[in-house]
Amino acid sequence: MSSTSRTTPIHGGAVAAILKLLDSQKLMTLAVNRADGRPQAATLGYLNDGLNLYFVTGRDSEKLKNLTADPRVGVAVRGVGEEGEAVGVSIDGRAEEVTDGDEVKRVNDLIIKRSPEVSPWAPGGDAVAVVKVVPEEIEAVAVIDGRSRAQTFSIGDADALVKGLSYEPSAVARLF
32 MSSTSRTTPI HGGAVAAILK LLDSQKLMTL AVNRADGRPQ AATLGYLNDG
82 LNLYFVTGRD SEKLKNLTAD PRVGVAVRGV GEEGEAVGVS IDGRAEEVTD
132 GDEVKRVNDL IIKRSPEVSP WAPGGDAVAV VKVVPEEIEA VAVIDGRSRA
182 QTFSIGDADA LVKGLSYEPS AVARLF
């Protein structure tokens, strides 16, 4: 998704709908660029903190090597929703390794809180890297009048967008 005239600044209803979708899912498909330009895509677990996504990968993985060389990423998350809700998102963003110990602890605490059954797998140790994906654009797909419709939104400061936002994950939030 490139910045074009079809990109709209995101609004509160869209943020709420996207958060509801991200909160309800646990798997994403991540696409990174290899050194030779070919894409590398993998499906992996994620945790979202607002619109930011976190995942863990091995320090010796091709994925981390590719992200270090080129932090541009694409992410796809698919779910199920009601009329007017987000049923899928495609995110263009940048990946960065989380090296701050306090942030890693905070991510661990979120994993344990949201998915206590996976707490033994919370990130830690020198063998893994915690990676944060910061969105720059999000294309959200919603069901409107029985048909899929997409809208591309520019993000700006992802943390500021969700700060103070009150949304009920079970509520229907309109994208358009």
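Position in the sequence shown (from 1) plus 31 gives the number in the working numbering.
Backbone N, C-alpha and C fix where the C-beta goes; we use that ideal spot for every residue, glycine too.
All values derive from a computational prediction rather than experimental measurement.
Give the straight-line distance between the Cα atoms of residue i and residue j, rounded to the nearest whole angstrom.
i       : j       : result
Arg-109 : Asp-157 : 32 Å
His-42  : Glu-113 : 19 Å
Leu-98  : Ser-92  : 10 Å
Ala-117 : Met-59  : 15 Å
Val-120 : Ala-189 : 15 Å
Ala-72  : Ser-185 : 23 Å
Ala-173 : Pro-40  : 17 Å
Asn-139 : Lys-96  : 23 Å
Ala-45  : Ala-181 : 12 Å
Val-57  : Asp-67  : According to the sequence displayed, residue 57 carries Lys and not Val. In a straight line, the C-alpha of Lys-57 is about 30 Å away from that of Asp-67.
Ile-175 : Arg-145 : 30 Å
Glu-148 : Glu-134 : 21 Å
Arg-65  : Pro-102 : 11 Å
Ser-55  : Gly-115 : 16 Å
If the criterion is Cβ atoms closer than 7 Å, does the pair residue i and residue j meet it?
i       : j       : result
Asn-79  : Leu-53  : yes
Gly-124 : Pro-70  : no
Val-87  : Val-129 : no
Val-104 : Val-63  : yes
Val-193 : Gly-76  : no
Glu-127 : Lys-94  : no
Ile-49  : Ala-171 : yes
Thr-74  : Thr-183 : no
When DSSP labels each residue in this structure, what does residue i get in the three-state scheme?
i       : result
Lys-163 : strand
Glu-113 : coil
Ala-158 : coil
Gly-124 : strand
Gly-119 : strand
On the DSSP letters alone, give me the boundaries of the alpha helix (DSSP H) that residue i sits inside.
i       : result
Lys-144 : 132-145
Asp-190 : 189-193
Where in the segment 49-108 do unbroken runs of the beta strand (DSSP E), each at least 3 residues long, occur, reported from the N-terminal end onward? 58-64, 70-76, 78-80 and 83-89
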